[in-house]
Ligand code: GDG
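Residue numbers (my numbering): 356 to 817.
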């Protein structure tokens with residue numbers, strides 16, 4: 356069996372992979388089966404001028420190959436181009452894109468450097484799987500070094516429509532470098548179509564058969580591979596003795612009879628201010644929910660070095676304080692806002708103990724929280740998922756209550772519907788949702804992608 360090489364910006368701590376969950380576990384499993392190597396940044400930043408080599412550590416059959424970034428690389432590649440240009444623009448937020456030519460150079464430089472370090476580790480029969488927007492040009496850089504092995508790419512975030520992609524600096528170069536991959540995987544058919552349209556309408560490419568696209572003198576496979584979760588593991592986590600105890604405490608300590616839960620990294624794509632405004636509208640439009648419903652929003656900090664993230668933190672603190680000040684009482688706090696990471700087991704318990712899961716990103720590649728909320732439910736008394744139609748997950752989870760996350764009144768109405776939904780309808784919706792979540796679980800995602808990559812091979816036609 357050929358070895359699997361995974362390349363991603365960050366490498367998971369394999370000893371903690373079980374706690375961090377889904378994706379890390381799925382990749383770690385695949386790496387275990389195939390004597391794999393996981394390659395990427397170790398999360399450390401060193402002074403400019405230092406350029407330490409690869410650090411190799413062996414964990415059973417899996418090898419971790421990591422390297423630090425210099426301060427300049429961190430500023431230009433990580434903060435600059437990846438998180439101040441690609442992340443906002445690919446989430447349709449051109450207004451937040453901060454374009455700086457130096458950052459593009461840094462992005463190229465780090466991808467080149469990563470390719471040189473990775474190439475030295477490769478064996479002839481390896482399968483290489485590259486993840487996410489930080490490493491789009493990695494295959495092109497590997498090819499320039501003579502690497503012939505099959506290389507696949509999976510984009511975890513959305514791919515925007517052509518008119519938005521056209522505003523990304525160096526977009527044609529990015530698209531060209533994608534054609535060095537043998538398989539390009541997206542989360543949804545919407546992303547796949549956006550990419551296909553850009554290639555056909557703007558760079559003269561063509562679709563030669565379903566899922567095979569030709570441009571820049573190369574043909575490659577372009578497909579959707581919706582990512583999923585480990586459903587059974589998450590269900591079990593929500594049903595331990597500790598989970599039961601936590602759910603009892605949640606219900607006992609709060610005077611509210613119903614709970615709404617949201618869990619998201621504190622990111623402007625997740626629609627958190629609008630979510631709180633929608634909850635306020637629920638209390639205004641349907642006052643019977645006062646003292647009867649509590650909303651818990653867990654929003655752990657992330658990317659705090661990027662300015663747009665501190666702005667949103669202030670906005671959220673202001674909004675939750677204002678709602679609690681206006682509606683709260685000595686025996687009821689309407690919003691519980693927690694700006695800290697929680698244990699995964701606690702999240703599972705909170706999902707199971709909450710009547711409504713509220714997942715309203717303004718744009719999201721997939722959104723695993725939506726799937727985790729469904730997986731944690733009890734089949735005989737399930738909660739209701741209220742889901743943004745702009746999350747990739749909405750393509751599969753049509754039986755959730757789908758909402759426009761920008762429309763606070765529409766979300767308030769959906770919350771009211773969810774809170775008052777009869778058991779029969781809740782069960783019917785849950786059955787349809789859990790079937791889909793099980794069908795497209797993380798194992799299926801990983802196997803489908805690797806099967807496609809094994810059988811692919813981009814022909815060079817020019
Ligand atoms: C990117 C794409 C795509 C959250 N808070 C805590 C915590 N989490 C866990 C959740 C979930 C994961 O983090 C977040 O995954 P999402 O899919 O919701 O979002 P992103 O982080 O933006 O991920 C996204 C994903 O990649 C996979 O392809 O779905 O669209 O943006 O598992 O439960 N976990 C713990 N404590 C927390 O406080 N332990």
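Every residue gets a Cβ at the ideal spot worked out from N, C-alpha and C, and that includes glycine.
Because the structure is a prediction, the values reported are computed rather than measured.
Burial state of residue i (16 or more Cβ within 10 Å)
| i | result |
| --- | --- |
| residue 642 | exposed |
| residue 443 | buried |
| residue 677 | exposed |
| residue 719 | buried |
| residue 736 | exposed |
| residue 551 | buried |
| residue 560 | buried |
| residue 816 | Residue placement at residue 816 cannot be trusted, given a pLDDT of 41 that sits under 50; the coordinates are not used to answer. |
| residue 374 | Here the model assigns residue 374 a pLDDT of 49, short of 50, so the residue's position is not dependable, and the following value carries that caveat. It counts as exposed. |
| residue 601 | buried |
| residue 734 | exposed |
| residue 500 | exposed |
| residue 535 | buried |
| residue 540 | buried |
| residue 356 | exposed |
| residue 693 | exposed |
| residue 689 | buried |
| residue 366 | buried |
| residue 569 | buried |
| residue 774 | buried |
| residue 721 | buried |
| residue 563 | exposed |
| residue 597 | exposed |
| residue 754 | buried |
| residue 505 | buried |
One or two residues paired with residue i in a DSSP bridge
| i | result |
| --- | --- |
| residue 691 | 651 |
| residue 541 | 579 |
| residue 562 | 568 |
| residue 684 | 687 |
| residue 394 | 362, 420 |
| residue 413 | 418 |
| residue 505 | 482 |
| residue 712 | 616, 740 |
| residue 757 | 742 |
| residue 719 | 746 |
| residue 425 | 401 |
Residues near residue i in its chain [Cβ-Cβ closer than 7 Å; skip 5 each side]
| i | result |
| --- | --- |
| residue 543 | 579, 581, 747, 750 |
| residue 802 | none |
| residue 614 | 605, 649, 651, 708, 709, 710 |
| residue 769 | 741, 756, 758 |
| residue 760 | 626, 629, 715, 716, 717, 743, 745, 766 |
| residue 583 | 726, 792, 795, 796, 797, 799, 800 |
| residue 472 | 409, 422 |
| residue 829 | No answer is possible for residue 829: it lies beyond the span of the chain, which begins at 356 and ends at 817. |
| residue 763 | 629, 632, 633, 636 |
| residue 781 | 737, 739 |
| residue 682 | 638, 645, 689 |
| residue 675 | 631, 690, 692 |
| residue 470 | 493, 496, 497, 500 |
Contacts around residue i, its chain only, beta-carbon distance under 6 Å, and the 5 residues preceding and following it disregarded
| i | result |
| --- | --- |
| residue 522 | 449 |
| residue 813 | At residue 813 the pLDDT is 48, less than 50, meaning the model places this residue with poor confidence; the figure from the coordinates comes in the next sentence. Around residue 813: 537, 573, 574, 575. |
| residue 441 | 488 |
Same chain, Cβ closer than 8 Å to residue i, five either side skipped, listed in chain order
| i | result |
| --- | --- |
| residue 457 | 431, 435 |
| residue 646 | 610, 611, 684, 686, 687 |
| residue 752 | 725, 726, 729, 740, 742, 788, 791, 792 |
| residue 621 | 627, 654, 655, 656, 657, 664, 667, 668, 671, 694 |
| residue 806 | none |
| residue 661 | 434, 438, 439 |
| residue 407 | 401, 422, 423 |
| residue 358 | 389, 390, 391, 392, 478, 480, 481, 482 |
| residue 640 | 764, 767, 768, 771 |
| residue 556 | 517 |
### Query
Can at least three beta-carbon pairs, one atom from the segment 784 to 792 and one from the segment 726 to 745, be found at a separation below 8 Å?
By the Cβ rule, the segment 784 to 792 counts as touching the segment 726 to 745, because three or more pairs are nearer than 8 Å.
### Task
Give a yes or no on contact between the segment 386 to 406 and the segment 422 to 434, applying the rule of three or more CB pairs nearer than 8 Å.
At 8 Å Cβ cutoff, the stretches touch.
### Task
Tell me, please, whether the segment 509 to 518 touches the segment 477 to 488 by the rule of three or more beta-carbon pairs shorter than 8 Å.
Short answer: they touch.
### At least three beta-carbon pairs within less than 8 Å, the segment 683 to 697 to the segment 653 to 672
When C-beta atoms of the segment 683 to 697 are compared with those of the segment 653 to 672, three or more pairs fall below 8 Å, so the two segments count as touching.
### Query
Contact between the segment 411 to 419 and the segment 461 to 470: three or more CB pairs below 8 Å?
Under the Cβ criterion (8 Å, minimum of three pairs), the segment 411 to 419 does not count as touching the segment 461 to 470.
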